[in-house]
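Protein chains in written order, with our numbering: chain X, 1 to 69; chain C, 70 to 364.
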């Protein structure tokens, strides 16, 4: 039963992946428009991706807590 | 039976590959098309490498009890060993060792290498050190404002600790950063730094006032989000490092005796690139939160 819960918890990765894909798409667009600002965009993108990723990481930790018993 | 066949196949592959390389080397001048000869040599090299890998893997599977598809076991917290009667987690010991290495390296650099540096004509190793320190200072100046001089060395040390602790995974130990206690301690240090510098800059009244910025209604939420900072920092680093460790363990257990060579390539990402990115994210998030408090 807890295995099913762990699997369900990992569905959160869907949202995180979608968020990161949106951020990266916009970053690529803006670098294509303004190549000289790529350094600044890069650091902002990394920060945003880290924040978007954290939901997936929480889900991963919850899934681990459920799975490891 | 299967082992014998695999052994024969690998030996043939290795022999054909080595003979092919030697032959290609000797007939280099006679070769009609240099591009074609290069392609042929590469093919033989790949064959020889594959043969060697298969040979080593088969030999290991034959003469040891390592089997593919072993059940992997991992615990959320590292197992502890007894040290002078005190239970100490293994990851804590590893982190002590890393701290010791960093400390000894620092003392050696300070006492023996730095006095030899010259201000007029920097060269060699001095340039590398100056590049690193300068990059960190420029990096910290944007977000830490006046306190960059005090906090940049701490952030650099933190990054060094995180990257070095990820390297211990290469020796088969559990990395300290894949233990929740270590990452939570780091998150707590960041929490203390945020409040310390926030209060130092604005005073206690100013810090509380800053929390009721748009309306006093958001005060509880701001308190909650402040408490969530160390938790989120700790969980992020822990989850990422543990995820990397589990992927590597899975790879090793799936390959079994053939786990030579391939995990090294995967380790290039999971033990080298990934920790560097995570260390970067950890320190940049810490600096962003401190910036939020002192601005």
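Yeah, the Cβ is synthetic: ideal placement off N, Cα and C, and Gly gets one too.
### Task
Please work out which residues of its chain come closer than 8 Å, Cβ to Cβ, to residue 292 of chain C, disregarding the five sequence neighbours upstream and downstream, and give them in chain order.
Position 223 of the second chain, counted from the start, is the residue given in the question as residue 292 of chain C. Contacts found: 280.
### Task
Please list the residues of the region 289-311 of chain C that have a C-beta atom closer than 8 Å to any C-beta atom in chain X, keeping them in chain order.
301, 304, 305, 307, 308, 309 and 311
### Query
What residues in the region 32-54 of chain X have a beta carbon less than 9 Å from any beta carbon of chain C?
43, 46, 47, 49, 50, 51, 53 and 54
### Message
Do residue 303 of chain C and residue 231 of chain C have their beta-carbon atoms positioned less than 7 Å apart in this structure?
### Response
Position 162 of the second chain, counted from the first residue, corresponds to residue 231 of chain C. Position 234 of the second chain, counted from the first residue, corresponds to residue 303 of chain C. Cβ distance not < 7 Å, so residue 231 of chain C and residue 303 of chain C don't count as in contact.
### Query
Does the beta carbon of residue 62 of chain X come closer than 7 Å to any beta carbon on chain C?
Within the first chain, residue 62 of chain X is the residue found at index 62, counting from 1. Residue 62 of chain X does not count as touching chain C.
### Query
Are any of the Cβ atoms in chain C nearer than 7 Å to that of residue 76 of chain X?
Beyond the ends of chain X as shown, which are 1 and 69, falls residue 76 of chain X; an answer cannot be given.
### Query
Between residue 54 of chain X and residue 179 of chain C, which are expected to be in contact by the criterion C-beta below 8 Å, what is the C-beta distance as a whole number of angstroms?
As a working mapping, residue 54 of chain X is identified with position 54 in the first chain. As a working mapping, residue 179 of chain C is identified with position 110 in the second chain. Between residue 179 of chain C and residue 54 of chain X the Cβ distance is about 38 Å, and since that is not below 8 Å, they are no contact.
### Task
Specify the secondary structure class of residue 65 of chain X as computed by DSSP and reduced to three states.
Taking the first chain and counting its residues from 1, one reaches residue 65 of chain X at position 65. If DSSP states are grouped into helix, strand and coil, residue 65 of chain X belongs with the helices.
### Message
Between C/325, C/161, C/258 and C/129, which has its C-alpha nearest residue 358 of chain C's C-alpha?
### Response
As a working note, residue 358 of chain C is residue 289 in the second chain. Out of C/325, C/161, C/258 and C/129, C/258 has the C-alpha closest to the C-alpha of residue 358 of chain C.
### Query
Thinking C-beta only, is residue 255 of chain C closer than 7 Å to residue 352 of chain C?
Taking the second chain and counting its residues from 1, the one referred to as residue 352 of chain C is at position 283. Taking the second chain and counting its residues from 1, the one referred to as residue 255 of chain C is at position 186. No, the pair does not count as a contact, with Cβ atoms beyond the cut-off.
### Task
Leaving aside the five residues before and after residue 228 of chain C along the sequence, list all residues of the same chain whose C-beta is less than 6 Å from its C-beta, in chain order.
Within the second chain, the letter at position 159 stands for residue 228 of chain C. Around residue 228 of chain C: 348 and 352.
### Task
Give the secondary structure of residue 133 of chain C by DSSP, where H, G and I count as helix, E and B as strand, and everything else as coil.
Your numbering for residue 133 of chain C matches position 64 in the second chain. Coil, per DSSP.
### Message
If the cut-off is 8 Å on Cβ atoms, which residues from the region 323-355 of chain C count as contacting chain X, listed in chain order?
### Response
346, 349, 350, 353 and 354
### Query
residue 60 of chain X: which of X/17, X/9, X/27 and X/31 sits nearest, CA to CA?
As a first step, residue 60 of chain X must be located in the first chain, where it is residue number 60. Comparing Cα-Cα distances from residue 60 of chain X to each of X/17, X/9, X/27 and X/31, the minimum goes to X/9.
### Query
Whose Cβ in chain X lies nearer than 8 Å to the Cβ of residue 357 of chain C?
Taking the second chain and counting its residues from 1, one reaches residue 357 of chain C at position 288. By Cβ distance, chain X contributes 47.
### Task
Could you tell me whether the region 147-159 of chain C touches the region 237-255 of chain C, where touching means 3 or more Cβ pairs closer than 8 Å?
yes
#### Entry: Strand pairing of residue 150 of chain C, partner residues [DSSP]
What you label residue 150 of chain C is simply residue 81 of the second chain in a count that begins at 1. According to DSSP, which records beta bridges pairwise, residue 150 of chain C is partnered with C/157.
### Buried versus exposed call for residue 290 of chain C [16 or more other C-beta atoms within 10 Å across all chains shown]
Taking the second chain and counting its residues from 1, the one referred to as residue 290 of chain C is at position 221. Counting Cβ neighbours within 10 Å, residue 290 of chain C comes out exposed, since fewer than 16 surround it.
### Task
Give, in chain order, every residue of the region 238-272 of chain C whose Cβ lies closer than 8 Å to some Cβ of chain X.
none
### Task
For the region 236-315 of chain C, list the alpha helix (DSSP H) runs that are entirely contained and at least 4 residues long, ordered along the chain.
249-280
### Query
What separation, rounded to the nearest whole angstrom, lies between the Cα atoms of residue 62 of chain X and residue 253 of chain C?
As a first step, residue 62 of chain X is located in the first chain; it is residue number 62 there, counting from the start. As a first step, residue 253 of chain C is located in the second chain; it is residue number 184 there, counting from the start. Roughly 16 Å between the two C-alpha positions.
### Query
Rounded to a whole number of angstroms, what is the C-alpha to C-alpha distance between residue 207 of chain C and residue 319 of chain C?
Looking up residue 207 of chain C in the second chain gives position 138. Looking up residue 319 of chain C in the second chain gives position 250. So the two alpha carbons sit approximately 40 Å from each other.
### Message
Would residue 247 of chain C and residue 311 of chain C be called neighbours here (beta carbons separated by less than 7 Å)?
### Response
Position 178 of the second chain holds residue 247 of chain C. Position 242 of the second chain holds residue 311 of chain C. Contact flag set, yes.
### Task
List the residues of chain X that residue 144 of chain C touches, going by C-beta distances under 7 Å, in chain order.
Position 75 of the second chain, counted from the start, is the residue given in the question as residue 144 of chain C. Chain X residues near residue 144 of chain C: 68.
### Query
Looking only at its own chain, which residues have a Cβ that is under 8 Å from the Cβ of residue 329 of chain C, when we skip the five neighbours before and after it?
As a first step, residue 329 of chain C is located in the second chain; it is residue number 260 there, counting from the start. Excluding sequence neighbours, residue 329 of chain C sits near 122, 125, 126 and 129.
#### Entry: Helix, strand or coil at residue 186 of chain C [DSSP, three-state]
Within the second chain, numbered from 1, the residue matching residue 186 of chain C stands at position 117. The answer is coil: DSSP assigns residue 186 of chain C none of H, G, I, E or B.
#### Entry: CA nearest to the CA of residue 145 of chain C, picked from C/308, C/189 and C/134
Translated into positions along the second chain, residue 145 of chain C becomes position 76. Measuring from the Cα of residue 145 of chain C, the nearest candidate turns out to be C/308.
### Task
Would you mind stating whether residue 44 of chain X and residue 30 of chain X have Cβ atoms separated by less than 7 Å?
As a first step, residue 44 of chain X must be located in the first chain, where it is residue number 44. As a first step, residue 30 of chain X must be located in the first chain, where it is residue number 30. No. Outside cutoff.
### Task
Measure the alpha-carbon distance for residue 19 of chain X versus residue 362 of chain C and round it to whole angstroms.
By one-based count along the first chain, residue 19 of chain X stands at place 19. By one-based count along the second chain, residue 362 of chain C stands at place 293. Those two C-alpha atoms are separated by around 27 Å.
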